[in-house]
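Under our numbering, the very last position in the sequence shown is 230; numbers go up by exactly one each time. What follows is a single structure, written as structure tokens, with notes after it.
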Amino acid sequence: MFNFRAKPDNHLDREIRRTTLKMNGYEPTTKEYGELLDRLQKLHKLRAEDKPACVSPDTALTTAAYLVGMVIIVHHEHVGVITTKAMSHLVKPK
Numbered sequence: 137m138f139n140f141r142a143k144p145d146n147h148l149d150r151e152i153r154r155t156t157l158k159m160n161g162y163e164p165t166t167k168e169y170g171e172l173l174d175r176l177q178k179l180h181k182l183r184a185e186d187k188p189a190c191v192s193p194d195t196a197l198t199t200a201a202y203l204v205g206m207v208i209i210v211h212h213e214h215v216g217v218i219t220t221k222a223m224s225h226l227v228k229p230k
């Protein structure tokens, strides 16, 4: 269901790593360091745009548990009458 394997190294990640290594050779007050920092920020912005929006496993698990609870209550409603105490066990959506 969830894929936790390491992602393959792509061109942007290699360039970010290479720029970071170049930055280690300069003092933070130099002009070259500032240029490399600007380049690194642009690379990070590009990588953020390429990254798809993912649902966290915690959110997926919470949603699945909520839906299972709803199904159990709806099933119980068909079998018998729901008391007001049964509805209090549901988590209120925020």
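Positions of the beta carbon are idealized from the N, C-alpha and C atoms, including for glycine. Note that this is a predicted model, so its numbers are computed, not measured.
query	result
Counted within 10 angstroms of its Cβ, other Cβ atoms place L182 as buried (16 or more) or exposed	exposed
Range of the contiguous alpha helix (DSSP H) that encloses H205	Here residue 205 is Gly; the residue named in the question, His, does not match the sequence. Its alpha helix (DSSP H) spans residues P193 to V215.
Buried versus exposed, by CB contacts within 10 Å (16 or more), L172	buried
V155 to L203 span [Cα, whole Å]	Sequence inspection shows Thr at residue 155; the Val mentioned does not correspond to that position. Spanning the two alpha carbons is a distance of roughly 47 Å.
Straight-line Cα distance separating L157 from V191	32 Å
Span separating the alpha-carbon of H211 from that of A200	16 Å
Y162 in three-state terms, based on DSSP	coil
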